[in-house]
Amino acid sequence: WWVAAIRDNGEVQPLLRSEPGDLDRYRDLSWDEQTSFLRHRFCNVLQRGCDRLWGHGMKARLFLFVLESDFPHAEPELTVRTADHLVQWMSQPPVIFVKGPWRETAADPERFHTIAGELDDSELSAVRAASVKCRDHDLNSDQWEPVSAPKG
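Take any residue in the sequence shown, count from 1 to its spot, add 20: that is its number in the working numbering.
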């Protein structure tokens with residue numbers, strides 16, 4: 021997964037990306053514990069993203085949260101439940117939560133499957149531009165803060 025901010029001027033600010041094993045802990049948990057783990061994990065991620073923007077005097081128009089697919093080894097409903105929670109929790113700036121093979125579909129975000137959140141036409145244009153820019157940023161570059169597995 022990865023998260024980028026789209027600013028009022030349409031510029032994209034890469035924020036955070038997953039490291040291998042980042043979410044492995046949820047796999048051995050019960051359904052409710054999986055939900056709780058992922059909710060807390062991603063709320064923390066969005067808070068870190070806001071802190072990164074704030075530190076540079078920037079604000080987000082919206083956050084784009086992208087998953088390649090549903091969470092592995094879990095019911096697909098877990099992805100929907102987690103995404104819905106984030107969209108409701110983070111009302112301003114809004115979050116759009118999508119899934120899909122973003123490198124292949126970045127130029128056409130309408131091919132993404134929107135899991136949660138809504139876009140108006142101007143936001144769709146911003147997401148389209150952001151998707152292309154994010155695709156062109158190497159996810160291993162220092163523009164993205166890596167998020168590794170929590171300790172403990």
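Using N, Cα and C, we set each Cβ at its ideal position, and we do this for glycine too.
Quick check on the burial criterion: 16 or more other C-beta atoms within 10 angstroms. Buried or exposed for Q54?
Counted from its first residue, the sequence shown places residue 54 at position 34. Buried, by the Cβ-count rule.
Candidates D140, W22, G30 and A149: which alpha carbon is nearest R81's?
For the purposes of this step, residue 81 is identified with residue 61 of the sequence shown, where counting begins at 1. For the options D140, W22, G30 and A149, the alpha carbon positioned closest to that of R81 is the one of G30.
For the region 87-95 against the region 136-146, do three or more pairs of beta-carbon atoms, one drawn from each stretch, fall closer than 8 Å, so that the two count as touching?
no
Tell me the DSSP bridge mates of H133?
Reading the sequence shown from its first residue, position 113 is the one you call residue 133. H133 is bridged to K119.
Using C-beta distances below 7 Å, list every residue in its chain close to A24, excluding the 5 sequence neighbours before and after it, in chain order.
Looking up residue 24 in the sequence shown gives position 4. Its chain contains V32, Q33, P34, L35, L84, A150 and C154 as the residues whose beta carbon lies nearer than 7 Å to that of A24, once the 5 sequence neighbours on both sides are disregarded; these appear in chain order.
Indicate whether L49 and F62 have their beta-carbon atoms separated by less than 9 Å.
Translated into positions along the sequence shown, residue 49 becomes position 29. Translated into positions along the sequence shown, residue 62 becomes position 42. Cβ atoms of L49 and F62: not closer than 9 Å.
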